[in-house]
Ligand SMILES: C[S@@+](CC[C@H](N)C(=O)[O-])C[C@H]1O[C@@H](n2cnc3c(N)ncnc32)[C@H](O)[C@@H]1O
């Protein structure tokens with residue numbers, strides 16, 4: 006392969022599509038569409054809030070800032086950012102996540118977040134948003150097959166800064182998929198695209214970003230193996246009795262007892278990739 010001719014967008018697309026398993030309805034976002042999964046995600050982020058505090062301190066926010074949060078989830082960043090700035094637009098396609106975001110903003114009396122229920126790839130920057138934004142953020146939400154076009158649109162929506170957060174190396178949940186896929190589906194799991202692909206793609210687009218590496222602990226608490234099964238059943242698209250027992254045995258092996266609860270523990274390496282628009 007000739008250096009300079011590698012199509013990083015194609016590599017991203019291939020890796021992104023390979024590792025997705027669709028449920029029977031073909032729903033890619035099935036996991037986050039369910040309110041209980043969104044609620045669990047929200048609780049987990051509130052328990053591990055130190056990283057959110059550091060992220061907030063790193064962002065160039067002022068009381069005048071207008072911020073776009075792409076794939077905001079339940080508002081881990083959008084809500085505390087909204088307290089510091091004049092306006093936040095949250096783009097979030099998953100119904101469960103959006104429901105929790107709206108409940109959270111209502112409960113906390115926040116009135117400067119506007120919500121757009123769409124995938125980023127379906128957004129028309131001029132018609133769906135109130136661009137430009139001083140800061141555009143996409144935090145662990147780059148489930149976008151055409152990442153080049155997605156980034157082009159982020160630049161279109163931004164007047165100054167773009168902040169992407171993504172992964173380096175294999176994540177704890179990918180380790181689980183690597184272990185489970187051969188017995189669940191009779192094939193190997195191909196992990197999703199990481200920050201190396203992203204950096205090369207940006208470089209080819211003429212963007213030379215800052216890259217900051219950090220680690221993030223991951224703890225997922227369950228009251229029983231049955232509760233863990235409920236959570237993982239749709240993540241792994243469990244459809245047969247055999248798959249059900251493979252998953253149950255696996256979970257029994259990885260969950261550890263802690264203060265009367267079962268815990269899945271992990272640590273992942275993450276990256277902040279940011280740049281100022283030219
Ligand atoms: C792991 S959560 C991260 C939520 C939040 N950004 C944070 O950092 O806490 C990923 C979120 O990205 C959203 N997402 C995934 N693909 C997306 C896409 N193509 N466009 C917009 N959002 C997307 C999911 O629905 C989910 O809410």
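Residue numbers (my numbering): 6 to 283. Cβ atoms here follow ideal geometry from the backbone N, Cα and C, with glycine treated the same way.
Here's the rule: buried if 16 or more other CB atoms are within 10 angstroms of the residue's CB, otherwise exposed. What is residue i?
i	result
residue 22	exposed
residue 132	exposed
residue 265	exposed
residue 269	buried
residue 65	exposed
residue 110	buried
residue 53	exposed
Take residue i and list the residues in its own chain whose beta-carbon comes closer than 8 Å to its own, dropping the five residues that flank it on each side.
i	result
residue 20	195, 196, 197, 198 and 202
residue 259	181 and 269
residue 28	Any reading at residue 28 must be qualified, since the residue scores a pLDDT of 48, below 50, and its modelled position is unreliable; the value itself is stated next. Answer for residue 28: 35, 239 and 242, listed in chain order.
residue 11	205
Examine ligand 1 and report whether any of its heavy atoms sits within less than 7 Å of the Cβ of residue i.
i	result
residue 17	no
residue 75	yes
residue 81	yes
residue 50	yes
residue 125	yes
residue 140	no
residue 198	no
residue 37	yes
residue 145	yes
residue 177	no
residue 98	yes
residue 149	yes
residue 102	yes
residue 191	no
residue 271	no
residue 78	yes
Check whether the Cβ of residue i sits closer than 7 Å to any heavy atom of ligand 2, and report yes or no.
i	result
residue 85	Ligand 2 is absent from the structure shown, which contains only ligand 1.
Which residues in the same chain as residue i place their Cβ atom closer than 7 Å to its Cβ, once the five residues preceding and following it in sequence are excluded?
i	result
residue 107	120
residue 102	37, 43, 78 and 79
Just tell me which of the options has its CA closest to the CA of residue i.
i	options	result
residue 137	161, 276, 54 and 105	161
residue 75	18, 177, 128 and 165	128
residue 250	188, 280 and 90	188
residue 97	226, 118 and 112	118
residue 17	211, 150 and 172	150
residue 39	210, 237 and 276	237
residue 173	99, 276 and 12	276
residue 48	154, 62, 56 and 81	81
residue 209	156, 248 and 190	156
residue 217	192, 171, 234 and 255	171
If I measure Cβ to Cβ from residue i and keep anything under 6 Å in the same chain, skipping five residues before and after, which residues do I get?
i	result
residue 261	268
residue 73	94, 138, 141 and 162
residue 168	142 and 279
residue 114	none
residue 89	66
If I'm right that residue i touches residue j with Cβ under 8 Å, what's the distance once you round it to whole angstroms?
i	j	result
residue 214	residue 206	The pair is not a contact, with the Cβ atoms about 11 Å apart (cut-off 8 Å).
residue 221	residue 144	That belief does not hold up - the Cβ atoms of residue 221 and residue 144 are roughly 11 Å apart, past 8 Å.
Beta-carbon of residue i versus every beta-carbon of chain D: anything under 8 Å?
i	result
residue 210	No chain D appears in the structure shown, which is made up of a single protein chain.
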